[in-house]
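Each protein sequence line maps, in turn, to chains A and B.
Residue numbering for the first sequence follows our numbering, starting at 52 and increasing by one per position.
Residue numbering for the second sequence follows our numbering, starting at -4 and increasing by one per position.
One structure is given below, encoded as structure tokens.
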Amino acid sequence: MTRPSMPGRWSPALALAIAGSIVLAVLGLLFSRPDVVAMGLPLALWSALALGRGTSGVDARPSAAPRSSADGELRTEISVESDTEMVELLVVLSERRSRRAIVPGSGSGAAVVARSRVLHSGPALPVQVAARGLALDGAVLATPSEVVVSRRQVAPTPRTAGMLPLPRRLTGLHGSHEGRRPGQGGDFRDIHPFAPGDELRRVDWRATARMARRPGELLVRRTHTLSDASVVIAMDTSEDLGEMVSSWGSGDVERSGVTSLDNAREAARGLAIAAIDAGDRVALHVLVHGGRSLRSGSGARHLARLEAAIAATGQARDDASFRRTPHVPHGSVVLVLSTFFQGAAAQTALMWRASGHRVVAIDVLPRLDRSRLSRPQLIALRTVLAERGNVFADLHGAGVDVVTWAEDPSSALREIASTRR
Amino acid sequence: MRAPNDTLQTAPAVSWIVMRVALIAVVAVGAFALNPLVGWQWVAVILAVTAAVLPQTFAAWGGAACIVIGMLVSEPDIGRAMLAVLLVHAIHVLTSLTLVIPAGSRVVLSALRPTVIRFVLVQAIAQPLTVVVMLGMGAIEGTASWAVVAGGGAVVAATAVLLLAAGRSASAERRRG
């Protein structure tokens, strides 16, 4: 829908020009000085041009189009649709800093390219732009346009998670993990008397000759079945804490360093890739009300959906409430990604563990840089870290494994995978 | 040195400071060239600096007034009159621009093309008229010449017409909406 053209308004420059030309003419007449009268001529002519032009046709409509981005940089092309002489652009780059530019209005085409270095993964606003049309050396001012926002989702860098722990009971019918039930595809299970439903090719003739007790008794060779596991990735997005502790709560994303949500997105992507590569089904839940949920699935297309959802996952609003009970398939491995400063994620993990799921708590807090902290701040940090230590102790006690993503997650996960709970 | 995290790439542009410095330069040139009184020269420069720092004060118009005072206390001269016509117009245009070019912004040079064209157009009309008016005054020395009366009358009539037109257009806009 096209917006109706709004007339602009005059700046004080026009009134000054008219008043100046009159004053100069009067002074020239009073002092009999034609040179003083002549000084008012350009002002009178300029005013005549201004009034002849009027205040219409100064609307400006900006637009922002993403361009192919180089490594570690987001580029956005800003263009303005306008018939006016010049346009004032106010551009907010990546919510970090604002820039203003006066660009030509009519027939200029796209002239402005915004570049922003990618400092964090996840949803980003590389450009927010508003425009105001100007005409006649700024004597006509348009109403500022609405703010146009360009949104992007920055995928986290893929990091190999290695081997994932398996659930205590494998229930799937297709996959690469050896289950405990008899079936096909796995290793040798046992020798068992032939029963209706057994395939004749399974009959082990040598075992039958050696161990059959009665004439006509047949023994079959049974194998384990192959199953897939169900993996659930649960992301706690209530906090986004950077490695620079002094930047916590400041919203300074430039100084924060790697943040907990960067780690959470990286972990979620790495774990999803590892699970899908192993032929498992993966579900994703963001633990806030209204948070994104992807149902269990497998395969390359599901992985693409998961990666898109992970890249679009940002910090929850401050007033967002925690979602405690997303649906988890029976017999799943639940990977809870959180900083565990707040007890809600730990309680959810404990609840899932009590329901019989295998739960791994993945601590996504980055390595902390304690520089620039005052003594009271250091004491406060030690206190909250000690509380977090208590949370981890509770989790350990309930049989929840804890992995620190900032250290060596693949070997920790391998170690956990090798122990069956 | 590390490259900045966020940059805005435009066509060739100048900083907002250039416009402010140009305003100070024009007022200073006008004051020193057209005003023989040293005190008024420095008043004009101070007013120009004030206008550059705080454009909303319109102090540059005070600088233009200093030029007018200089013209009044000096003998009429065609060259000085032509320079005054050029400088007063330039002061007005630069004042208008500094009002709408915020601090910290960049001005793409091609955005100033309509301003330059209009400036040249207005000067192309005003300068010959100035020459005609000054030559007319030179022909009748010592009295209030016909040129002064005619020129002054024309400017006043033109401004009166303009004000009426402005009033009409404002009332029409009010009716529209």
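We put the beta carbon where it would ideally sit given N, CA and C, even for glycine.
Whole-angstrom distance between residue j and residue i, CA atom to CA atom
{"i": "A161 (chain A)", "j": "L18 (chain B)", "result": "In this prediction, A161 (chain A) has a pLDDT of 49, which is less than 50 and means its spatial position is unreliable; what the coordinates show is noted afterwards. Taking the straight line from one Cα to the other gives about 30 Å."}
{"i": "V415 (chain A)", "j": "T310 (chain A)", "result": "9 Å"}
{"i": "R433 (chain A)", "j": "L215 (chain A)", "result": "32 Å"}
{"i": "P58 (chain A)", "j": "V83 (chain B)", "result": "29 Å"}
{"i": "V80 (chain B)", "j": "A39 (chain B)", "result": "17 Å"}
{"i": "A186 (chain A)", "j": "A68 (chain A)", "result": "15 Å"}
{"i": "R151 (chain A)", "j": "L141 (chain A)", "result": "5 Å"}
{"i": "S133 (chain A)", "j": "H378 (chain A)", "result": "52 Å"}
{"i": "T138 (chain B)", "j": "M77 (chain B)", "result": "Model confidence at T138 (chain B) stands at a pLDDT of 49, short of 50, so the residue's coordinates are unreliable; what they give is reported in the following sentence. Computed Cα separation, rounded: 22 Å."}
{"i": "E290 (chain A)", "j": "N314 (chain A)", "result": "12 Å"}
{"i": "F245 (chain A)", "j": "R220 (chain A)", "result": "26 Å"}
{"i": "G131 (chain B)", "j": "I73 (chain B)", "result": "11 Å"}
{"i": "T52 (chain B)", "j": "G71 (chain A)", "result": "16 Å"}
{"i": "F373 (chain A)", "j": "R202 (chain A)", "result": "25 Å"}
{"i": "V143 (chain A)", "j": "A318 (chain A)", "result": "30 Å"}
{"i": "R253 (chain A)", "j": "A263 (chain A)", "result": "15 Å"}
{"i": "P177 (chain A)", "j": "P123 (chain B)", "result": "53 Å"}
{"i": "D452 (chain A)", "j": "A444 (chain A)", "result": "10 Å"}
{"i": "P356 (chain A)", "j": "P209 (chain A)", "result": "Here residue 356 (chain A) turns out to be Arg, not Pro, going by the sequence shown. Taking the straight line joining both Cα atoms gives about 15 Å."}
{"i": "R104 (chain A)", "j": "L338 (chain A)", "result": "58 Å"}
{"i": "V410 (chain A)", "j": "I467 (chain A)", "result": "11 Å"}
Contact with chain B by residue i, beta-carbon distance below 8 Å
{"i": "F391 (chain A)", "result": "no"}
{"i": "V167 (chain A)", "result": "Per the sequence shown, residue 167 (chain A) should be read as Ser rather than Val. At least one chain B Cβ lies under 8 Å of S167 (chain A)."}
{"i": "L176 (chain A)", "result": "no"}
{"i": "E136 (chain A)", "result": "yes"}
{"i": "F443 (chain A)", "result": "no"}
{"i": "R150 (chain A)", "result": "yes"}
{"i": "A190 (chain A)", "result": "yes"}
{"i": "E139 (chain A)", "result": "yes"}
{"i": "M52 (chain A)", "result": "Annotation note: pLDDT 43 at M52 (chain A) (below 50); position unreliable, no value reported."}
{"i": "E305 (chain A)", "result": "yes"}
C-beta neighbour in chain A for residue i, strict 8 Å
{"i": "Q36 (chain B)", "result": "no"}
{"i": "I41 (chain B)", "result": "no"}
{"i": "S10 (chain B)", "result": "no"}
{"i": "V44 (chain B)", "result": "no"}
{"i": "F53 (chain B)", "result": "yes"}
{"i": "D63 (chain B)", "result": "The sequence given here has Val at residue 63 (chain B), not Asp. Chain A contact via Cβ: present."}
{"i": "L94 (chain B)", "result": "yes"}
{"i": "P71 (chain B)", "result": "yes"}
{"i": "G74 (chain B)", "result": "no"}
{"i": "P97 (chain B)", "result": "yes"}
{"i": "R15 (chain B)", "result": "no"}
{"i": "I19 (chain B)", "result": "no"}
{"i": "A121 (chain B)", "result": "yes"}
{"i": "L78 (chain B)", "result": "no"}
{"i": "A23 (chain B)", "result": "no"}
{"i": "A28 (chain B)", "result": "no"}
{"i": "P109 (chain B)", "result": "yes"}
{"i": "L49 (chain B)", "result": "no"}
Beta-carbon proximity of residue i to residue j, cut-off 8 Å
{"i": "S114 (chain A)", "j": "S98 (chain A)", "result": "no"}
{"i": "L277 (chain A)", "j": "G308 (chain A)", "result": "no"}
{"i": "G330 (chain A)", "j": "G236 (chain A)", "result": "no"}
{"i": "D420 (chain A)", "j": "V296 (chain A)", "result": "yes"}
{"i": "S10 (chain B)", "j": "R101 (chain B)", "result": "yes"}
{"i": "G184 (chain A)", "j": "V95 (chain B)", "result": "no"}
{"i": "P218 (chain A)", "j": "G448 (chain A)", "result": "no"}
{"i": "A212 (chain A)", "j": "S461 (chain A)", "result": "yes"}
{"i": "A106 (chain B)", "j": "V154 (chain A)", "result": "yes"}
{"i": "R232 (chain A)", "j": "R273 (chain A)", "result": "no"}
Cutoff 8 Å: residue i Cβ touching any chain D Cβ
{"i": "L292 (chain A)", "result": "Looking at the structure shown, chain D is missing, and the protein chains on hand are A and B."}
heavy atom of the ligand NAP below 7 Å from residue i C-beta
{"i": "S172 (chain A)", "result": "Questions concerning the ligand NAP fall outside what the structure shown contains, since it holds no ligand whatsoever."}
Where the beta strand (DSSP E) through residue i begins and ends
{"i": "E124 (chain A)", "result": "E124 to S133"}
{"i": "R421 (chain A)", "result": "Where R421 (chain A) is concerned, there is no enclosing beta strand (DSSP E), given that its DSSP letter is neither H nor E."}
{"i": "H336 (chain A)", "result": "R332 to V337"}
{"i": "Q179 (chain A)", "result": "G173 to A186"}
{"i": "Q204 (chain A)", "result": "V199 to V205"}
{"i": "V442 (chain A)", "result": "Element bounds for V442 (chain A): not the beta strand (DSSP E) but the alpha helix (DSSP H), R426 to G448."}
Start-to-end residues for the alpha helix (DSSP H) that takes in residue i
{"i": "S83 (chain A)", "result": "No alpha helix (DSSP H) holds S83 (chain A); DSSP gives it neither H nor E."}
{"i": "V68 (chain B)", "result": "A54 to V68"}
{"i": "I327 (chain A)", "result": "S311 to D328"}
{"i": "H84 (chain B)", "result": "I73 to V95"}
{"i": "M14 (chain B)", "result": "W11 to L29"}
{"i": "P93 (chain A)", "result": "L92 to R104"}
Check whether the segment 59 to 73 of chain B touches the segment 19 to 29 of chain B, taking contact to mean three or more Cβ pairs, one atom from each stretch, closer than 8 Å. yes
Tell me whether the segment 161 to 172 of chain A and the segment 115 to 130 of chain B touch, counting them as touching only if at least three CB pairs, one residue from each stretch, are closer than 8 Å. no
Inter-stretch contact at 8 Å, needing at least 3 Cβ pairs: the segment 377 to 393 of chain A / the segment 355 to 369 of chain A: no
Between the segment 278 to 289 of chain A and the segment 333 to 343 of chain A, can you find at least three pairs of beta-carbon atoms closer than 8 Å? yes
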